[in-house]
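Visitor: Per the numbering used here, the very first residue in the sequence shown carries number 125; after that it's consecutive.
Idealized CB from N, CA, C, for every residue including glycine.
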Amino acid sequence: MKRNLYNMLFTLLVVTTSCQHYLDVKPKGKLIPTQIADFDHLLDNIDIVRYPFLSNNSVCYLGHLTDNLSYSESLAEIAYLKNRSPNLNNYYAFTFRQPYGNPNTSDYFWDWGMYRSAKFFNNVIDGIEGLGDEVAQSADAKAVMSQAYAGRAWSYFQGALVYGPVYRPNQENNEKTLPYVVDSDVSKPIPMISTQEEVFQKVWTDLHIALDGAPETTSYPSRPNKTATEAMLAYYHLFTQQYDSVLYYADRAWQRSIQNGVDQVVYDFNELSLADPQNPVSSTITSPDNSINLPRSREILFFRATDQRAGLANDSYPSESFIDLFDKENDLRFKYFFLEAPGYKTTSGGIVYDDGMRIQYYRGATAGTTGTPKFQMTSGFTYPEVLLMRAEAYARTNRLSEAVADLNTLRRFRFKTGTPSLGVPATQDETVLLVLEERRRELPIGHLKRFLDIKRYSLDTGKPWSLKTVEHIIGTNRYHGEVSSAHFRVHIVNPILRFNPHWEIPEDNRPY
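#1: Would you kindly work out how many angstroms separate the C-alpha atoms of Gly187 and Val173, rounded to a whole number?
#2: What are the partner residues of Ile598, as DSSP defines its beta bridges?
#3: Does DSSP put Lys300 in a helix, in a strand, or in coil?
#4: Given this structure, state the Cα-to-Cα distance separating Thr496 from Tyr232, to the nearest angstrom.
#5: Would you mind listing the alpha helix (DSSP H) stretches within the stretch 357-398 that are 4+ residues and don't spill past its ends, in chain order?
#6: Roughly how many angstroms lie between the CA atoms of Gly337 and Gly542, to the nearest whole one?
#7: Quick one, are the C-beta atoms of Tyr291 and Leu331 less than 8 Å apart?
#8: Look up Ala284 in the DSSP assignment and give the residues it is bridged to.
#9: Within 10 angstroms of the Cβ of Glu628, are there 16 or more other Cβ atoms? Answer buried if so, exposed if not.
#10: With DSSP run on the structure shown, which of helix, strand or coil describes Glu516?
#11: Does Met356 pass the burial test, meaning 16 or more other C-beta atoms within 10 Å, or should it be called exposed?
#12: Kindly indicate which residue of Ile202, Leu371, Phe163 and Gly225 has the alpha-carbon position closest to the one of His611.
#13: Identify the continuous beta strand (DSSP E) that holds Pro466 and give its terminal residues.
#14: Apart from the five residues just before and just after Leu621, which ones in its own chain have a Cβ nearer than 6 Å to its Cβ?
#15: Inspect the beta-carbon positions of Ser503 and Arg564 and report whether they are closer than 8 Å.
#16: I'd like to check one pair, Lys469 with Tyr486: are the Cβ atoms closer than 8 Å?
#17: Between which two residues does the beta strand (DSSP E) containing Leu425 stretch?
#18: Between the stretch 576-593 and the stretch 442-452, are three or more C-beta pairs nearer than 8 Å?
#19: So, is Gln379 buried or exposed, given that buried needs 16 or more other C-beta atoms within 10 angstroms?
#20: Starting from Ile475, trace the alpha helix (DSSP H) in both directions and tell me its first and last residue.
#21: Answer yes if the stretch 249-269 comes into contact with the stretch 314-332, meaning at least three C-beta pairs across the two stretches below 8 Å, and no otherwise.
#22: State the Cα-Cα distance for the pair Val390 and Ser230, rounded to the nearest angstrom.
#23: Candidates Asp168, Asn349 and Ala489: which alpha carbon is nearest Leu425's?
#24: With 16 as the cutoff for other CB atoms within 10 Å, does Ser198 come out buried or exposed?
#25: Less than 7 Å between C-beta atoms, sequence neighbours within five positions excluded: which residues of the same chain meet that for Leu511?
#26: Can you tell me the Cα-Cα spacing of Asp257 and Pro339, whole angstroms?
#27: Helix, strand or coil for Gln320 per DSSP?
#28: Assuming Lys469 is part of the beta strand (DSSP E), what are its boundary residues?
#29: For Tyr644 and Tyr215, I'd like the C-alpha separation in whole angstroms.
#30: Smallest Cα separation from Phe539: which of Ala217, Asp392 and Ala267?
#31: Straight-line CA distance for Val614 to Ile160?
#32: In this structure, how does DSSP classify Thr329 when only helix, strand and coil are distinguished?
#33: Start and end of the beta strand (DSSP E) containing Ile483?
#34: Asn246 lies in the alpha helix (DSSP H); which residues open and close that run?
#35: Using only the alpha-carbon positions, how far apart do His604 and Ile597 sit?
#36: Look at the alpha carbon of Glu296 and the alpha carbon of Glu321, and state the distance between them as a whole number of angstroms.
What follows is the structure, given as structure tokens:
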């Protein structure tokens, strides 16, 4: 996977510094974009996909705020605290000890994730528009710009939900969140910081511009096509609670996806196998197309890197509530992803700390000698997630039989052949719960998805899927994080605030 992805993206790595501004004369050995194809190539830069809300170690502490992960005492006290793990912010997040990251150093979510990729998107949009109206209005130009608009919208939308509070539809969402930078000229002043509502409106505008010119297909799933753009709009409306719009866009995206059959966008787990059945922990998973471990796997609609380490011994374990969601006899995801293996073990101060055999989550674990994960995940979108967004929209709009039909479609590919289909529950709440439980099973255990879902579910007061507080336990200690509080948002770091006093946001002076 790494070789295939890097080969595709490496060509334009040399423009990382040159794309901040354009020169009248092309320096020897540098590429200065001057035509549509040049700007198109900028969208292949690996920095666009490599660090979306990830640290320089490719982990994400946001997943450690959720109910999907658990810690042992030895993992917490020795690996994280005593040994001063380079991923210490995971532990701070798990114990809701703020600030989670050092407020006086660089923020990888901000610097390496959102704004590094925005640099490319803005250069593509401004650059093509600078070629003149006749060129910019051509189908080829609009197809390239649409991918930049959609990529920018996806990044800033996640940012508004990470750095902002719980978004409350039909209320004033006027807390300052992040600057929606759309200018490629880095010599210009950074704009005023936008409120969360302003970010949502700008995302909506970018996505609709993108949809207008989006190509039916793109060269790689890192580039959003029309289906991916519709999936983004469906996801956007999950947070605005406009479920008729979720249904509209998710249905369009799903129908377009399955024109050649559902089996072309979803793996049938009954057709998978272990390359080395005697060593399931280290074995690769074999799929009919041999691509299940790649970003171009059958199921990935829109690829962005995700945290592959969550749920593995040196990072965390899957929580009991997450494990209990799975039918251990019939759900083949449990067979392939939940494996018992030696847990965290070390000697410190002459004392042996040994977690023993523990169930761990091997979906993203590197397998064999390939250097690739067992099953490639994404923080973008998969085709199964599109189906589940449609199922949620059906359930939320009280179309219960249609919602359950979508669940049974996915279950047919995930459960052992012959497993009975689900019946339609008696109530809407029961149906919504079934859909959201399936969503939790299907999405990555760490990173963004569950974190953001918990935030939006918090508005469903009194519903069985809604959490007001997340509780974590380490030994006899209990830690509580309130979803509608600063526990579930990220603060802008001080170096950025010092350079932008016009935002009038106080610095974070809490000890780290």
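Guide: So, to answer that:
#1: Counting from one through the sequence shown, the residue named residue 187 turns up at place 63. Counting from one through the sequence shown, the residue named residue 173 turns up at place 49. Whole-angstrom Cα-Cα distance: 19 Å.
#2: Mapped onto the sequence shown, residue 598 falls at position 474. In the DSSP output, where bridge partners are listed per residue, Ile598 has Asn601.
#3: On the sequence shown, position 176 is the one that residue 300 refers to. Lys300: strand per DSSP, three-state reduction.
#4: Locating residue 496 in the sequence shown gives position 372, counting from the first residue. Locating residue 232 in the sequence shown gives position 108, counting from the first residue. Spanning the two alpha carbons is a distance of roughly 23 Å.
#5: 367-381
#6: For the purposes of this step, residue 337 is identified with residue 213 of the sequence shown, where counting begins at 1. For the purposes of this step, residue 542 is identified with residue 418 of the sequence shown, where counting begins at 1. Their Cα atoms are separated by approximately 44 Å.
#7: One-based indexing of the sequence shown puts residue 291 at position 167. One-based indexing of the sequence shown puts residue 331 at position 207. No, the Cβ-Cβ distance between Tyr291 and Leu331 is not below 8 Å.
#8: Here residue 284 refers to the residue found at position 160 when the sequence shown is read from its first residue. DSSP lists no partner for Ala284.
#9: Mapped onto the sequence shown, residue 628 falls at position 504. So Glu628 counts as exposed.
#10: Here residue 516 refers to the residue found at position 392 when the sequence shown is read from its first residue. In this structure, Glu516 counts as helix in the three-state DSSP scheme.
#11: Here residue 356 is taken as the residue at index 232 of the sequence shown, counted from 1. The residue is buried, with at least 16 neighbouring Cβ atoms inside 10 Å.
#12: Numbered from its first residue, the sequence shown carries residue 611 at position 487. For His611, the nearest C-alpha among the options comes from Gly225.
#13: The count along the sequence shown starts at 1 and reaches residue 466 at position 342. Residues Phe462 to Pro466.
#14: Taking the first residue of the sequence shown as 1, we reach residue 621 at position 497. So the list reads Ile629 and Glu631, once near-sequence residues are dropped.
#15: Translated into the one-based positions of the sequence shown, residue 503 becomes position 379. Translated into the one-based positions of the sequence shown, residue 564 becomes position 440. For Ser503 and Arg564, no; Cβs fall outside 8 Å.
#16: In the sequence shown, the residue the question calls residue 486 occupies position 362. In the sequence shown, the residue the question calls residue 469 occupies position 345. Not closer than 8 Å, so no.
#17: Within the sequence shown, numbered from 1, the residue matching residue 425 stands at position 301. Its beta strand (DSSP E) spans residues Ile424 to Phe426.
#18: no
#19: Within the sequence shown, the letter at position 255 stands for residue 379. Its Cβ having fewer than 16 others within 10 Å, Gln379 is exposed.
#20: In the sequence shown, counting from the first residue as 1, residue 475 sits at position 351. Run containing Ile475: none in the alpha helix (DSSP H); it sits in the beta strand (DSSP E), Ile475 to Asp478.
#21: no
#22: Position 266 of the sequence shown, counting from 1, holds the residue named residue 390. Position 106 of the sequence shown, counting from 1, holds the residue named residue 230. Roughly 39 Å separates the two Cα atoms.
#23: For this step, residue 425 is matched to residue 301 along the sequence shown. The residue with the shortest Cα to Cα distance from Leu425 is Asn349.
#24: To locate residue 198, count along the sequence shown from 1; it is residue 74. That one is buried.
#25: Translated into positions along the sequence shown, residue 511 becomes position 387. Here the set comprises Trp378, Asp530, Thr533 and Leu534.
#26: The sequence position of residue 257 within the sequence shown is 133, counting from 1. The sequence position of residue 339 within the sequence shown is 215, counting from 1. Taking the straight line from one Cα to the other gives about 20 Å.
#27: Here residue 320 is taken as the residue at index 196 of the sequence shown, counted from 1. In the structure shown, Gln320 sits in a helix (DSSP, three-state: H, G or I).
#28: On the sequence shown, position 345 is the one that residue 469 refers to. Counting along the chain, the beta strand (DSSP E) containing Lys469 begins and ends at Lys469 to Ser472.
#29: Absent from the model: residue 644. The displayed extent of the chain is 125 to 636, so no value can be given.
#30: Counted from its first residue, the sequence shown places residue 539 at position 415. The option with the nearest alpha carbon to Phe539 is Asp392.
#31: On the sequence shown, residue 614 is found 490 positions in, with the first residue counted as 1. On the sequence shown, residue 160 is found 36 positions in, with the first residue counted as 1. Cα to Cα, Val614 sits roughly 37 Å from Ile160.
#32: Within the sequence shown, numbered from 1, the residue matching residue 329 stands at position 205. It is helical.
#33: Taking the first residue of the sequence shown as 1, we reach residue 483 at position 359. That run of the beta strand (DSSP E) goes Met481 to Tyr485.
#34: Within the sequence shown, the letter at position 122 stands for residue 246. Asn246 -> alpha helix (DSSP H) spans Tyr239 to Glu253.
#35: Here residue 604 refers to the residue found at position 480 of the sequence shown. Here residue 597 refers to the residue found at position 473 of the sequence shown. Distance between the alpha carbons of His604 and Ile597 is about 9 Å.
#36: Start at 1 with the first residue of the sequence shown, and residue 296 comes out as number 172. Start at 1 with the first residue of the sequence shown, and residue 321 comes out as number 197. Rounded to whole angstroms, Glu296 to Glu321 spans 7 Å at the Cα level.
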